[in-house]
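Here this note's numbering runs 76 ahead of the position in the sequence shown, where the first position is 1. By construction, the Cβ of each residue, glycine as well, lies at the ideal position given by its N, Cα and C atoms. Note that the structure is predicted; figures quoted are calculated from it, not measured. Below is one structure, written out as structure tokens; the observations come after it.
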Amino acid sequence: MCGIIGFVGRESAAPILLDGLARMEYRGYDSAGVAVRSESRGLQVRKSKGRLQILSDMIHGGADLDGTLGIGHTRWATHGEPNDINAHPHVSENGTIALVHNGIIENYLEIKEHLQKLGVSFASDTDSEVVAQLLEYHYNECHNMLEAVGRCLRRIEGSYAFGIICADYPNALIAARKDSPLILGYGKNGNFIASDVTAVIKYTRDVVYMDDGEIAVLTADSIDVFDDELVPVEKQHHLVDWDVSAAEKGGYPHFMFKEIMEQPEAIRKTISPRIRDGRVVLDDICLTCEEARSISRIFITACGSSYHVGMVSKYNWERLLRRPVEVCLASEFRYSDPLVDDHTLVIVISQSGETLDTMAAMREAKRRGGRTLAIVNVVGSSIVREADDVLYTWAGPEIAVATTKAYSTQLALMDLVGLYLAEKLGSVEQGEYDAIVAEMERLPEKMQAWLGDIGDVQYFASRYFNHDSIFFIGRNLDYAMGLEGSLKLKEISYIHSEAYASGELKHGTISLIEPGTLVVALGTYAPLFDKFISNVVEVKARGAEVMALTTESFCRKMEKTADATLAVPETHPILQPSLGVVPLQLFAYYVALQRGCDIDKPRNLAKSVTVE
77 MCGIIGFVGR ESAAPILLDG LARMEYRGYD SAGVAVRSES RGLQVRKSKG RLQILSDMIH
137 GGADLDGTLG IGHTRWATHG EPNDINAHPH VSENGTIALV HNGIIENYLE IKEHLQKLGV
197 SFASDTDSEV VAQLLEYHYN ECHNMLEAVG RCLRRIEGSY AFGIICADYP NALIAARKDS
257 PLILGYGKNG NFIASDVTAV IKYTRDVVYM DDGEIAVLTA DSIDVFDDEL VPVEKQHHLV
317 DWDVSAAEKG GYPHFMFKEI MEQPEAIRKT ISPRIRDGRV VLDDICLTCE EARSISRIFI
377 TACGSSYHVG MVSKYNWERL LRRPVEVCLA SEFRYSDPLV DDHTLVIVIS QSGETLDTMA
437 AMREAKRRGG RTLAIVNVVG SSIVREADDV LYTWAGPEIA VATTKAYSTQ LALMDLVGLY
497 LAEKLGSVEQ GEYDAIVAEM ERLPEKMQAW LGDIGDVQYF ASRYFNHDSI FFIGRNLDYA
557 MGLEGSLKLK EISYIHSEAY ASGELKHGTI SLIEPGTLVV ALGTYAPLFD KFISNVVEVK
617 ARGAEVMALT TESFCRKMEK TADATLAVPE THPILQPSLG VVPLQLFAYY VALQRGCDID
677 KPRNLAKSVT VE
């Protein structure tokens, strides 16, 4: 949530800040603001409620603000309603210090009340302003900005990424982080801080990932990093290897549509290097056969779409591994007193590698002795640095808030891990193992072929976009796939949507079906297709309109019952959700398009959730 950008260098800061914020607007768009310092004008702060374009127009693309040092922020509101006053940057009472903040300060009220007793006045309702005022208080004590930051960080509790500038320090930008992502970028004409690589990739590929408790001091020519005791530390540099065009629309109408169409290539990049001579090879996991056999229980913990990847994987892994697999929402895992010990494998899945609930779940698993394996997309992220083993999806940057290719690559990678573990355990027959691996290698080709003709999805979206409530039903893997299809629809079209195991219809859910209700019936799982058809007949008997998704081999049979039918190519049943989810993503996209929704930036949502 929220996006931070900071720059100090030899170019005008404001246009660079606006450009960086534009590339991170998917992280928050309730308000936006910048603070730029110049010799002649001091601190210049401009901020506004609403989308970034309002701010950009206000300052004429940055031309109104003079200076080569600045910070910027695009906000997803947590403390205080979205308005001009609560927007970042926040400025200390005497106007000396400006600050942008991601995260939540848990003891802000206690600090605020203390400062108010000392006569400090507050302008906003935010926890972030408390930090700006506390910084000024300590700066007045010691007259050293770095020392003031250190004192401030020792008093606050919670999560944070800070960008700080001070009117008395014309050439320095200060950054700090704890449990909220922040990177340092080394450029030719200046240096950067940012919440996300996408904000700075236009200017530099040389980045450093800050660790918890670290403070950085940036000038135009250098970056110095310190630990929480202000002792200098050496940091490892990373080279960002994807092109700036990967974070641009490239002629597509929306990032979401672009990312849907990129899925075949993204899956190919995930799968191809990990299948050699017909075997799954995961060089990044150091797990012996003996260690694999010692695993008695597996947890998969994640949030949102990544949780739905876990739901699909539960069905597949229990079939392949013959081990109990439990899928837990990361936000519930650490509070559920989970039965984790040194014979437990805990899989944590996160696109950003910074999801706070998922990171906390992983830490709880490690505290209890479990072995952790992280499935992530972002190199150098917090979860990566703490997990026992890490596998990257290599999906490339995903800009749309509603995930598509990150979900698909996570799912493909989890299938690979399942096969890898099954071979170690000897729990899968060689014939089936070979068949699944062969079909995995064909997945990108089959998906690409299907994406070549999407006219039926567009037509059905135009036919059904005006429904107010939609139900997804399916059995086994189709039920798990339906969870993601339903989430995609509600995320970007704002239609109420729920996914149900179709066998549960008669246990209460069917009371919601009335004449005209749209039911998306998912019948791609071949072993239960005949049972599933009976559920379609049930909802049809209550007057439901049924749009069905099935495989090409079952298409004719489905067309006899459903009102509209989509078909995807046949693959091994374990892999069918990888193909089946694509029409559901496109259906959600085209429905949202018909309804005039902001597809890439749906209301109230942000891409990376770094608060609890």
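Check: For the candidate residues Leu94, Lys334, Ala98, whose alpha-carbon lies nearest to that of Val110?
Finding: By one-based count along the sequence shown, residue 110 stands at place 34. It is Leu94.
Would you mind stating whether Glu440 and Arg461 have Cβ atoms separated by less than 7 Å? Taking the sequence shown and counting its residues from 1, one reaches residue 440 at position 364. Taking the sequence shown and counting its residues from 1, one reaches residue 461 at position 385. No, Cβ-Cβ distance for Glu440 and Arg461 is not below 7 Å.
Quick check on the burial criterion: 16 or more other C-beta atoms within 10 angstroms. Buried or exposed for Leu42? With the chain represented from 77 up to 688, any question about residue 42 goes unanswered, as that position is not in the structure.
Point to revise | Limits of the alpha helix (DSSP H) - the one that Lys278 falls within | key: Taking the first residue of the sequence shown as 1, we reach residue 278 at position 202. DSSP places Lys278 outside any alpha helix (DSSP H), giving it a letter other than H or E.
> Going by the CB atoms, is the gap between Arg618 and Ile589 shorter than 7 Å?
Replying inline: Translated into the one-based positions of the sequence shown, residue 589 becomes position 513. Translated into the one-based positions of the sequence shown, residue 618 becomes position 542. A distance below 7 Å separates the beta carbons of Ile589 and Arg618.
Under the rule that 16 or more other beta-carbon atoms within 10 Å means buried, what is Arg344, buried or exposed? Along the sequence shown, read from residue 1 onward, the residue named residue 344 stands at position 268. With 16 or more other Cβ atoms within 10 Å, it is buried.
* From Leu128, Arg99, Val309, pick the residue whose C-alpha is nearest to that of Asp106; which is it? -> Indexing the sequence shown from 1 puts residue 106 at position 30. The shortest C-alpha separation from Asp106 is found at Leu128.
What residues in its chain sit with their C-beta under 6 Å from that of Cys465, if we drop five residues either side in the sequence? By 1-based counting over the sequence shown, the position of residue 465 is 389. Here residue 465 is Asp; the residue named in the question, Cys, does not match the sequence. Taken in chain order, the residues that qualify are Ile361, Leu449.
- Query: Quick check: the region 590–600 against the region 619–637, are there 3 or more CB pairs under 8 Å?
  - Reply: Contact between the region 590–600 and the region 619–637 is present, because at least three Cβ pairs lie under 8 Å.
Query raised in the report: Does the region 480–497 touch the region 328–347, meaning 3 or more C-beta pairs lie closer than 8 Å?
Result: Touching, yes, given that three or more Cβ pairs across the two stretches are closer than 8 Å.
To which residues does DSSP link Glu621 through a beta bridge? As a working mapping, residue 621 is identified with position 545 in the sequence shown. Bridge partners of Glu621: Leu594.
| request: Can you tell me which of Ala575, Asn178, Asp142, Ala243 puts its alpha carbon nearest to the alpha carbon of Glu560? | output: In the sequence shown, residue 560 corresponds to position 484, counting from 1. The candidate whose alpha carbon is nearest that of Glu560 is Ala575.
Quiz item: Can the beta-carbon of Ile161 be found less than 7 Å from the beta-carbon of Ser200?
Solution: Here residue 161 refers to the residue found at position 85 when the sequence shown is read from its first residue. Here residue 200 refers to the residue found at position 124 when the sequence shown is read from its first residue. The answer is yes: Cβ separation under 7 Å.
Q.
According to DSSP, His603 sits in a beta bridge with which residue or residues?
A. The residue you call residue 603 lines up with position 527 of the sequence shown. Here residue 603 turns out to be Pro, not His, going by the sequence shown. The bridge partners DSSP lists for Pro603 come to none.
Q) What are the start and end residues of the alpha helix (DSSP H) that includes His190? A) Within the sequence shown, the letter at position 114 stands for residue 190. Per DSSP, His190 belongs to the alpha helix (DSSP H) from 184–193.
Checklist entry - Which residue comes first and which comes last in the beta strand (DSSP E) that contains Leu294? => result Counting from 1 along the sequence shown, the entry for residue 294 is found at position 218. DSSP places Leu294 in the uninterrupted beta strand (DSSP E) bounded by 291–294.
**Study point:** Element boundaries [alpha helix (DSSP H), containing Asp491]
**Key:** Looking up residue 491 in the sequence shown gives position 415. Taken as a continuous stretch (DSSP letters only), the alpha helix (DSSP H) holding Asp491 covers 481–501.
Checklist entry - Mind checking Thr364: buried by the 16 CB within 10 Å criterion, or exposed? => result Your numbering for residue 364 matches position 288 in the sequence shown. Classification for Thr364: exposed.
Notebook entry, point to check: Terminal residues of the continuous beta strand (DSSP E) containing Phe302?
Noted result: As a working note, residue 302 is residue 226 in the sequence shown. Phe302 -> beta strand (DSSP E) spans 299–302.
**Message:** Can you list, in chain order, the residues of its chain with a C-beta nearer than 8 Å to that of Glu169? Leave out the 5 residues immediately preceding and following it.
**Reply:** Within the sequence shown, numbered from 1, the residue matching residue 169 stands at position 93. Excluding positions up to five away in sequence, the list reads Val196, Ser197, Gln209, Glu212.
What does Leu119 pair with, by DSSP beta-bridge criteria? Translated into positions along the sequence shown, residue 119 becomes position 43. For Leu119, which the question treats as bridged, DSSP gives the partners Arg113.
Nearest to Tyr215 by alpha carbon, out of Val112, Phe548, Asp244? For this step, residue 215 is matched to residue 139 along the sequence shown. Here the closest residue by C-alpha is Asp244.
Original post:
In the structure shown, what three-state DSSP assignment does Ala478 receive?
Top reply: Counting from one through the sequence shown, the residue named residue 478 turns up at place 402. Looking at Ala478 - three-state DSSP - the assignment turns out to be coil, as it is neither helix nor strand.
- Query: Quick one: is Ile423 buried, meaning 16 or more other Cβ sit within 10 Å of its Cβ, or exposed?
  - Reply: To locate residue 423, count along the sequence shown from 1; it is residue 347. Around the CB of Ile423, 16 or more other CB atoms lie within 10 Å, so the residue is classed as buried.
Cα-Cα separation, Gly386 to Ala556: One-based indexing of the sequence shown puts residue 386 at position 310. One-based indexing of the sequence shown puts residue 556 at position 480. When the Cα atoms are used, Gly386 and Ala556 turn out to be separated by approximately 9 Å.
_Ala199, enclosing alpha helix (DSSP H) - first and last residue_ = Locating residue 199 in the sequence shown gives position 123, where the first residue counts as 1. Counting along the chain, Ala199 sits inside no alpha helix (DSSP H), nor does DSSP assign it H or E at all.
### Task
In angstroms with no decimal places, state the Cα-to-Cα distance between Leu660 and Asp676.
Indexing the sequence shown from 1 puts residue 660 at position 584. Indexing the sequence shown from 1 puts residue 676 at position 600. Rounded to whole angstroms, Leu660 to Asp676 spans 16 Å at the Cα level.
**Prompt:** Three-state secondary structure (DSSP) at Gly85?
**Reply:** In the sequence shown, residue 85 corresponds to position 9, counting from 1. In the structure shown, Gly85 adopts extended strand secondary structure according to DSSP, grouped into three states.
* **Euclidean distance between Cα positions of Thr377 and Asp133** => Within the sequence shown, numbered from 1, the residue matching residue 377 stands at position 301. Within the sequence shown, numbered from 1, the residue matching residue 133 stands at position 57. Distance between the alpha carbons of Thr377 and Asp133: 43 Å.
Exercise. Among the residues of its own chain, which have a CB less than 6 Å from the CB of Pro400, if the five just before and after it don't count?
Worked result: To locate residue 400, count along the sequence shown from 1; it is residue 324. Correct list, in chain order: Arg373.
query = By DSSP, does Val667 sit in helix, in strand, or in coil?
reply = By one-based count along the sequence shown, residue 667 stands at place 591. When DSSP states are grouped into helix, strand and coil, Val667 belongs to the helix group.
Notebook entry, point to check: Do you know how far the Cα of Glu217 is from the Cα of Leu565?
Noted result: Within the sequence shown, residue 565 is the residue found at index 489, counting from 1. Within the sequence shown, residue 217 is the residue found at index 141, counting from 1. Going from the Cα of Leu565 to the Cα of Glu217 covers about 54 Å.
- Query: Between the Cα of Val416 and the Cα atoms of Ala406, Leu397, Lys442, Gly85, which residue gives the shortest distance?
  - Reply: Reading the sequence shown from its first residue, position 340 is the one you call residue 416. Among Ala406, Leu397, Lys442, Gly85, the Cα nearest to that of Val416 is on Lys442.
* To do: Note down the Cα distance separating Val176 from Ser298, rounded to an integer number of angstroms.
  => Working through the sequence shown from its first residue, we reach residue 176 at position 100. Working through the sequence shown from its first residue, we reach residue 298 at position 222. Take the alpha-carbon of Val176 and the one of Ser298: they are about 21 Å apart.
| said: As an exercise, report each continuous beta strand (DSSP E) stretch of at least 3 residues that is fully enclosed by the region 397–468, in chain order. | reply: Counting only runs of 3+ residues, the beta strand (DSSP E) found wholly inside the region 397–468 occupies 401–405, 420–426, 447–452, 465–468, in chain order.
Note down the Cα distance separating Glu366 from Gly502, rounded to an integer number of angstroms.
-> What you label residue 366 is simply residue 290 of the sequence shown in a count that begins at 1. What you label residue 502 is simply residue 426 of the sequence shown in a count that begins at 1. Near 11 Å, if we compare the C-alpha coordinates of Gly502 and Glu366.
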